[in-house]
Every structure is written in structure tokens, then in C-alpha cells.
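A.B. asks: This is the structure I have questions about; it appears just below.
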Amino acid sequence: GLPGRVRIHEVGPRDGLQNEPTTVPVEVKAEFIERLAAAGLTTVEATSFVHPKWVPQLADAEELYPRLGGPALGGVRLPVLVPNARGLERALALGAREVAVFASATESFAKANLNRTVDEALEMFEPVVAHAKREGLRVRGYLSMCFGDPWEGAVPLEQVVRVCRALAGMGCDELSLGDTIGVATPGHVHALLAALRTAGLPGSAAGESGAPGSGPPAAGPVLAVHFHDTYGQALSNTLAALQNGVATVDASAGGLGGCPYAKSATGNLATEDLVWMLNGLGIETGVDLAQLTATSRWMAERLGRPSPSRTVRALAGT
Ligand code: HMG
Ligand code: MG
Numbered sequence: 036g037l038p039g040r041v042r043i044h045e046v047g048p049r050d051g052l053q054n055e056p057t058t059v060p061v062e063v064k065a066e067f068i069e070r071l072a073a074a075g076l077t078t079v080e081a082t083s084f085v086h087p088k089w090v091p092q093l094a095d096a097e098e099l100y101p102r103l104g105g106p107a108l109g110g111v112r113l114p115v116l117v118p119n120a121r122g123l124e125r126a127l128a129l130g131a132r133e134v135a136v137f138a139s140a141t142e143s144f145a146k147a148n149l150n151r152t153v154d155e156a157l158e159m160f161e162p163v164v165a166h167a168k169r170e171g172l173r174v175r176g177y178l179s180m181c182f183g184d185p186w187e188g189a190v191p192l193e194q195v196v197r198v199c200r201a202l203a204g205m206g207c208d209e210l211s212l213g214d215t216i217g218v219a220t221p222g223h224v225h226a227l228l229a230a231l232r233t234a235g236l237p238g239s240a241a242g243e244s245g246a247p248g249s250g251p252p253a254a255g256p257v258l259a260v261h262f263h264d265t266y267g268q269a270l271s272n273t274l275a276a277l278q279n280g281v282a283t284v285d286a287s288a289g290g291l292g293g294c295p296y297a298k299s300a301t302g303n304l305a306t307e308d309l310v311w312m313l314n315g316l317g318i319e320t321g322v323d324l325a326q327l328t329a330t331s332r333w334m335a336e337r338l339g340r341p342s343p344s345r346t347v348r349a350l351a352g353t
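Here's what the structure looks like:
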């Protein structure tokens with residue numbers, strides 16, 4: 036059956052804005068994050084502590100993060116991306132409690148995104164995850180290009196399973212399976228989640244929510260999915276993941292952004308489209324759709340282009 040509740044991992048301020056050509060002032064980013072929290076999102080990925088030349092849009096992380104301590108954000112998780120020891124130091128210096136490393140299932144993207152081979156990147160992450168765990172942080176491991184890669188084509192399931200195992204072995208609390216270029220279809224999602232189950236990666240949120248009657252928490256990391264809507268498949272793929280026990284779904288308010296290092300990586304799944312579907316299924320998210328939509332329209336005005344989200348447009352009556 037489907038989960039009763041889904042935790043939405045909002046990535047708009049990070050994955051969305053990192054790919055916008057318009058430079059967004061730090062106070063607008065802070066207000067965006069506050070408004071997302073006020074709309075009921077309980078996890079809002081705030082920024083990245085990466086090399087500023089690689090992602091200029093997020094070069095203001097040191098300015099932004101300290102602005103997010105206001106009472107309105109009490110209890111909201113604010114994860115940040117850290118690629119290496121330097122990134123983790125920067126995040127810890129500002130009091131971050133949740134970080135994410137980001138691996139790739141393919142060599143081409145590992146090179147383009149991290150200037151490393153897949154294994155070199157994993158070697159870079161291992162001490163970062165270990166240090167973060169020692170500090171009591173929650174650690175997410177992203178895995179990009181889980182379904183297709185712009186240079187390599189279809190990605191073999193074994194490649195994805197291998198890197199997931201490595202990230203789980205390091206002690207990641209959560210793994211986010213990324214369809215970075217949006218080519219996945221539901222059959223492929225079922226196949227990947229089945230392959231991960233066979234490898235002992237459960238895919239349920241039981242370990243996180245501890246819902247009554249769900250039995251003992253599943254061992255190993257919680258699985259999350261991160262779909263892009265390039266070919267219009269993101270919601271179908273999400274439903275396939277929910278049918279496989281996944282209950283953590285990444286989405287970007289208003290459908291902002293893609294990935295600057297992945298050719299043709301347009302459009303993260305829009306949070307509004309996701310909430311519309313989950314509301315229809317009777318699955319709880321805690322998100323106020325009207326407030327969220329208003330936030331995305333406000334952000335679209337600042338970016339000077341309309342939101343690509345169907346739901347944002349429909350609810351605006353345009
Ligand atoms: P590199 O050039 O190999 O770095 O880049 P290096 O380790 O050789 O260091 C070179 C210089 O960078 C040194 O400075 C370091 O101190 C500095 P120098 O001694 O020359 O003056 N440096 C840093 N400065 C600030 N913060 C740091 C940092 N690290 C090194 N953290 C590196 C390697 C990993 C740094 C680089 O490739 C990088 O920053 N990559 C990040 C790319 C990125 O953020 N991509 C987007 C996120 S992934 C994504 O979007 C996909 C995802 O959303 C899922 C999906 O959508 O599917 C997650
Ligand atoms: Mg993305």
C-alpha cells in the first residue's frame with residue numbers, strides 16, 4: 036500500500052536557485068526559505084558549501100545561513116550540501132545540523148560535477164561523513180544519474196546499487212536517488228527499487244517515522260527519490276516509488292532549477308504538483324498548498340519568469 040504520510044525534502048533554495056541565471060539577493064533567499072517553512076515544509080535544503088566558482092549562485096552561503104535562525108524556522112530542518120572536508124568545516128562553523136554529500140552513479144557526471152572519478156569522490160566523502168556523524172549530524176547521500184546520463188545513456192542498475200552500498204556503508208542516514216536528467220519511467224523505478232531491496236536497502240521511512248504498527252525500524256538508510264520532470268514523468272515515477280515503500284520525496288517549489296553540470300537537466304519536480312497529487316491520494320504532507328503557491332509566484336516575480344509548475348499556473352487561474 037501507499038504511505039499515510041510523505042516527508043517532502045524541499046530543494047528549491049539550493050537545487051532550484053543554483054541553476055537560475057538571475058542572481059538572487061541574500062535577503063530574498065532568506066525570505067524564500069522562511070516562507071517555505073511557514074507553508075509547512077519541514078525540511079528545506081538551504082544552500083551548498085561548495086567552491087564558489089563552481090556554483091556562483093550559492094557563493095553567499097556564509098551570509099545566508101546565519102540569517103535562518105529566526106523563531107519562525109523552529110524545528111525546520113535546514114540541510115546543506117558539502118562536497119569535502121572544507122565544505123563540512125564551513126557548515127560546522129555556522130552550526131549546521133544536517134549535511135548532504137553528493138555522489139554520482141556515472142563516471143562522466145562525477146568528473147563534471149566533482150572533478151573526480153566515482154571512487155575518488157567516494158574516498159573524498161568517507162571522512163566527511165565520518166566526521167559529520169561524530170558531530171551528531173544527520174547525513175544524506177545524494178546519488179545523481181541513477182537512471183540515465185547525458186554522456187553515457189542508460190545507467191546499469193548494478194552501478195547504482197554499488198554506489199548506494201558504499202554510501203550506506205559510510206553511515207549515511209538517507210539516500211536520495213536522483214534522476215538528474217529526468218529520463219526515468221515507472222518501470223525503471225520499480226526495477227531499481229527492487230534491485231536495492233535485493234541488496235538490503237529497504238526503501239521505507241520506518242526507521243525515521245517509527246509509525247505505530249510499522250514494526251521495528253528498518254536497518255540502513257531511508258530511501259528518498261529526486262525526480263526531474265524533463266519528459267513529464269516525475270509524478271508517475273514518484274507514484275511508482277511510493278508503491279515501493281518510499282516515503283521521502285524531493286521537490287522544488289515552483290519547479291525551480293535543474294543542475295548546472297548536467298546538460299539538459301531541466302526542471303526538478305515542482306513541490307506544488309507533488310502536493311496536489313498527494314492531497315488527492317489522501318497522503319499527508321503538512322503543506323498548505325495555497326501558501327506554497329503564493330510563495331512560488333512571489334519568487335517567480337523576483338526571477339522574472341513564470342513558474343513552470345502546472346499546479347502553480349492552474350491555481351493562479353492563468
Ligand atoms: P577541485 O577544483 O577539484 O578542488 O573541485 P580542489 O579540492 O582541488 O581544491 C581547489 C581549491 O578549491 C582550493 O583552493 C580549495 O581550498 C578550494 P586554493 O588552495 O586553490 O585556493 N575548495 C573550496 N572552497 C570552498 N568550499 C569548498 C572547497 N573545496 C575546495 N567546499 C570541488 C572539487 C568538490 C570543490 C568542486 O568540484 C565543487 O565545488 N563541486 C560542486 C559542484 C556542485 O555543487 N554541483 C551541484 C550539486 S550536485 C547536483 O546538483 C545534483 C543533485 O541536485 C541531485 C540531482 O539533481 O539529481 C544533488
Ligand atoms: Mg535536482
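In full-length UniProt numbering, the protein residues as written are 36 to 353.
Beta carbons: idealized from backbone N, C-alpha and C, even for Gly.
Closer than 5 Å between the C-beta and any heavy atom of the ligand MG: which residues qualify, listed along the chain?
C.D. replies: Result: Asp50 and Asn303.
A.B. asks: Look at the alpha carbon of Trp89 and the alpha carbon of Cys207, and state the distance between them as a whole number of angstroms.
C.D. replies: When rounded, the distance between both Cα atoms is 25 Å.
A.B. asks: Can you name the start and end residues of the alpha helix (DSSP H) that Arg102 belongs to?
C.D. replies: Segment: none, Arg102 is in no alpha helix (DSSP H) and carries neither H nor E.
A.B. asks: So, helix, strand or coil for Ala351, using DSSP?
C.D. replies: Of the three classes helix, strand and coil, the one that applies to Ala351 here is coil, per DSSP.
A.B. asks: Could you tell me whether the Cβ atoms of Pro114 and Glu80 are closer together than 8 Å?
C.D. replies: Their beta carbons are under 8 Å apart, which means Pro114 touches Glu80 by this criterion.
A.B. asks: Quick one: what does DSSP say Val59 is sitting in, helix, strand or coil?
C.D. replies: Coil.
A.B. asks: Please go through the same chain and pick out, in chain order, the residues whose beta-carbon is closer than 7 Å to the beta-carbon of Arg337, but skip the five residues on each side of it.
C.D. replies: The residues are Val59 and Val63.
A.B. asks: Can you name the start and end residues of the alpha helix (DSSP H) that Asp154 belongs to?
C.D. replies: It spans Val153 to Arg169 - the alpha helix (DSSP H) in which Asp154 sits, taken as one unbroken run.
A.B. asks: Mind checking which residues open and close the beta strand (DSSP E) that includes Thr283?
C.D. replies: Per DSSP, Thr283 belongs to the beta strand (DSSP E) from Thr283 to Ala286.
A.B. asks: Distance, Cα to Cα, Arg169 vs Val163?
C.D. replies: Computed Cα separation, rounded: 10 Å.
A.B. asks: With DSSP run on the structure shown, which of helix, strand or coil describes Thr220?
C.D. replies: In this structure, Thr220 counts as coil in the three-state DSSP scheme.
A.B. asks: So what's Ser83 in DSSP terms, helix, strand or just coil?
C.D. replies: Three-state result, Ser83: strand.
A.B. asks: Can at least three beta-carbon pairs, one atom from the stretch 257–268 and one from the stretch 321–336, be found at a separation below 8 Å?
C.D. replies: Judged by Cβ distances under 8 Å, the stretch 257–268 makes no contact with the stretch 321–336, as fewer than three pairs qualify.
A.B. asks: Exposed or buried, which one is Thr273 when buried takes at least 16 other CB atoms within 10 Å?
C.D. replies: So Thr273 ends up on the buried side.
A.B. asks: What residue range is occupied by the uninterrupted beta strand (DSSP E) comprising Phe137?
C.D. replies: That run of the beta strand (DSSP E) goes Glu133 to Ser139.
A.B. asks: From Met205 to Glu161, what does the alpha carbon distance come to, in whole angstroms?
C.D. replies: Using only the alpha carbons, I get a separation of about 6 Å.
A.B. asks: DSSP three-state label for Arg121, please.
C.D. replies: If DSSP states are grouped into helix, strand and coil, Arg121 belongs with the helices.
A.B. asks: Identify which residue in Ala349, Asn303, Gly292 and Ala288 has its Cα closest to the Cα of Leu327.
C.D. replies: The shortest C-alpha separation from Leu327 is found at Ala288.
A.B. asks: I'd like the span of the beta strand (DSSP E) that includes Leu174, first residue to last.
C.D. replies: Per the sequence shown, the amino acid found at residue 174 is Val instead of Leu. First-last of the beta strand (DSSP E) with Val174: Arg173 to Ser179.
A.B. asks: Work out the CA separation of Leu99 and Val61 for me, nearest whole Å.
C.D. replies: Cα to Cα, Val61 sits roughly 6 Å from Leu99.
A.B. asks: Which stretch, first to last residue, makes up the alpha helix (DSSP H) that contains Ser331?
C.D. replies: Its alpha helix (DSSP H) spans residues Leu324 to Leu338.
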